[in-house]
Amino acid sequence: MADPAAPAAGAVVTGAVVVNYGGAADTVACVASLLAADPRPELVVVVENGSADDSAERLTAWVRALPEPGRVLREGALDEADRAWLAATGAGTRVALLLAVRNHGFGGGVNAGWRVLRTVDTLTHVLLINNDATVARDFLGLLLEGMRDEGVGVATGTVRYAPPREGVWFAGGTYRWAQCRGVHLTEGAGSARHVTFVTGCLMLVRAGVMDRLDGLPDCYFLYQEDTEFCLRVRAAGYRLRYVPASVVFHKVSASAGLRRTSPRSAFLGARNRLWFARRNLGGTQRVVAIPNVLADEVGRALGALKRGDGAVAAAVARGMMAGLFRSWNREPGPGGAVVGRT
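Per our numbering, the sequence shown starts with residue 191, numbered consecutively.
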């Protein structure tokens, strides 16, 4: 006899991954908004990514106190009971808290959650959303509508600054190889269209695409993983779709801090742009892009020195050296480009 709770053939089953690092209150607000959405994900996996504060304890207590009690999982230690609970789609939205063994960074945190979701055989879509974002009630249905075309591998929406701030943070994006970055567009939100870059703040990805690409590249730790992922999605023959009517609200920089005041962010930004060039560009593109990035980052370091911020300037310099000479320990793929996770 068929399981009455199992989804019908061809039904949409969406799982969400929310990565937490030191932001338990934001994460609770994010998941609460997902639970209030219509439609909403069938399964939400919150990855507690080795926070240095008491996030693990706070989120554990919160998950266990939900009206429909969630489940606390430990990375690498799923048992048969865990797998059966995860597979029970069709019984309302369930929330799982995955306690990571360490801080994997953003891409690695997403992949830890994805490894949990991929145990659900009926999964059709994977939602990636920043923990410091909240969603409009109808956001998911609009994204799913934007993916009716099987050629669309990833959909995104309009990301607005969280109240009380006004304005648009992301309205589709464009990939600029010569700068080794994805650029946010903030105007022209009118009609749905294909784009060449989607922010990791809000991605709805076909489960088959996530599986084919084996998740996000996680060598970067933070920054550039979304740019490379979008490049890989397009190289695999899929399109990226911007759906302006789907809206989320983002507390910009709540987790990472503003790059101009954070030596850690400055280091990662410089290193990762150069790693991106070395991993993904070849021939003339690489010859053009690397000097462009170096000139840009030298300018950033000089600007920091003018402001009297020697720590940021030194971090940019270290990032450039690491980007040029350090390895991410991965063999190159076809054509010299590295497309796998590390």
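Every residue, glycine too, gets a C-beta built ideally from N, C-alpha and C.
Source: prediction; values computed, not measured.
Cβ shell of residue i (< 6 Å), same chain only, five flanking positions each side left out
i	result
Leu-471	Ala-479
Thr-386	Thr-364 and Tyr-365
Arg-261	Trp-275 and Ala-286
Glu-487	Ala-460, Val-506 and Met-510
Ala-277	Val-310
Alpha-carbon to alpha-carbon, residue j and residue i
i	j	result
Trp-252	Ser-241	16 Å
Asp-311	Ala-286	17 Å
Gly-447	Ser-455	In this prediction, Gly-447 scores a pLDDT of 43, lower than 50, which makes its location untrustworthy; the coordinate-derived value is nonetheless stated afterwards. Cα to Cα, the separation comes out at about 8 Å.
Val-442	Phe-360	11 Å
Gly-498	Gly-489	14 Å
Leu-330	Leu-256	22 Å
Arg-292	Asp-404	20 Å
Ala-501	Arg-338	49 Å
Arg-273	Leu-307	10 Å
Glu-270	Val-358	44 Å
Val-207	Ala-397	12 Å
Pro-353	Leu-375	20 Å
Leu-495	Ala-504	9 Å
Leu-318	Met-393	5 Å
Phe-411	Trp-518	11 Å
Three-state secondary structure assigned by DSSP to residue i
i	result
Asn-462	helix
Arg-497	coil
Glu-247	helix
Ala-222	helix
Asn-321	coil
Asn-301	helix
Val-209	strand
Val-502	helix
Thr-348	strand
Glu-238	strand
Thr-217	helix
Leu-256	coil
Gly-343	strand
Thr-474	helix
Rounded Cβ spacing between residue i and residue j (contact assumed at less than 8 Å)
i	j	result
Arg-463	Arg-371	6 Å
Phe-439	Thr-324	5 Å
Ala-302	Glu-265	6 Å
Phe-457	Gly-390	Not really, about 19 Å apart at Cβ, beyond 8 Å.
Leu-430	Val-344	5 Å
Val-506	Ala-485	Going by Cβ atoms, the distance from Val-506 to Ala-485 rounds to 12 Å, so no, they are not a contact pair.
Val-373	Val-399	Rounded, the Cβ-Cβ distance is 22 Å, inconsistent with contact.
Tyr-428	Gly-341	6 Å
Ala-382	Arg-402	Wrong, their Cβ atoms sit about 24 Å apart, outside the cutoff.
Contact set for residue i: own chain, Cβ-Cβ below 7 Å, skip 5 residues either direction
i	result
Leu-406	Gly-297, Val-300, Asn-301, Glu-415 and Phe-419
Arg-476	Ala-467
Val-202	Thr-314, His-315 and Leu-334
Arg-461	Gly-509, Ala-512 and Gly-513
Trp-304	Val-207, Val-316, Met-400 and Gly-405
Ala-227	Val-325, Arg-327, Phe-329 and Leu-330
Val-221	Val-208, Val-234, Val-236 and Val-285
Same chain, Cβ closer than 8 Å to residue i, five either side skipped, listed in chain order
i	result
Ser-445	In this prediction, Ser-445 scores a pLDDT of 47, lower than 50, which makes its location untrustworthy; the coordinate-derived value is nonetheless stated afterwards. Tyr-211, Gly-212, Gly-213, Asp-216, Asn-320, Asn-321 and Asp-322.
Asp-244	Ala-214
Ala-290	Val-237, Glu-238, Asn-239, Gly-240, Glu-265, Gly-299 and Ala-302
Thr-283	Leu-224, Leu-225, Arg-230, Pro-231, Glu-232, Leu-233, Val-234 and Glu-258
Leu-332	Gly-347, Val-433, Ala-435 and Ser-436
Gly-380	Pro-434
Ala-246	Glu-238 and Leu-289
Ala-368	Gln-475, Val-478, Ala-479 and Asn-482
8 Å Cβ cutoff, residue i in contact with chain D
i	result
Thr-250	In the structure shown, chain D does not exist; there is a single protein chain.
The ligand MN heavy atom lying under 7 Å from the CB of residue i
i	result
Ala-345	In terms of ligand content, the structure shown is empty, and the ligand MN therefore cannot be addressed.
Every unbroken beta strand (DSSP E) within the region 354-382, with a cutoff of 3 residues, ordered by chain: Fully enclosed beta strand (DSSP E) runs of 3 or longer: 358-360, 363-366 and 371-374.
May I have a chain-ordered list of the alpha helix (DSSP H) segments no shorter than 4 residues that lie completely inside the region 406-457? Within the region 406-457, the complete alpha helix (DSSP H) runs of at least 4 residues are 415-425.
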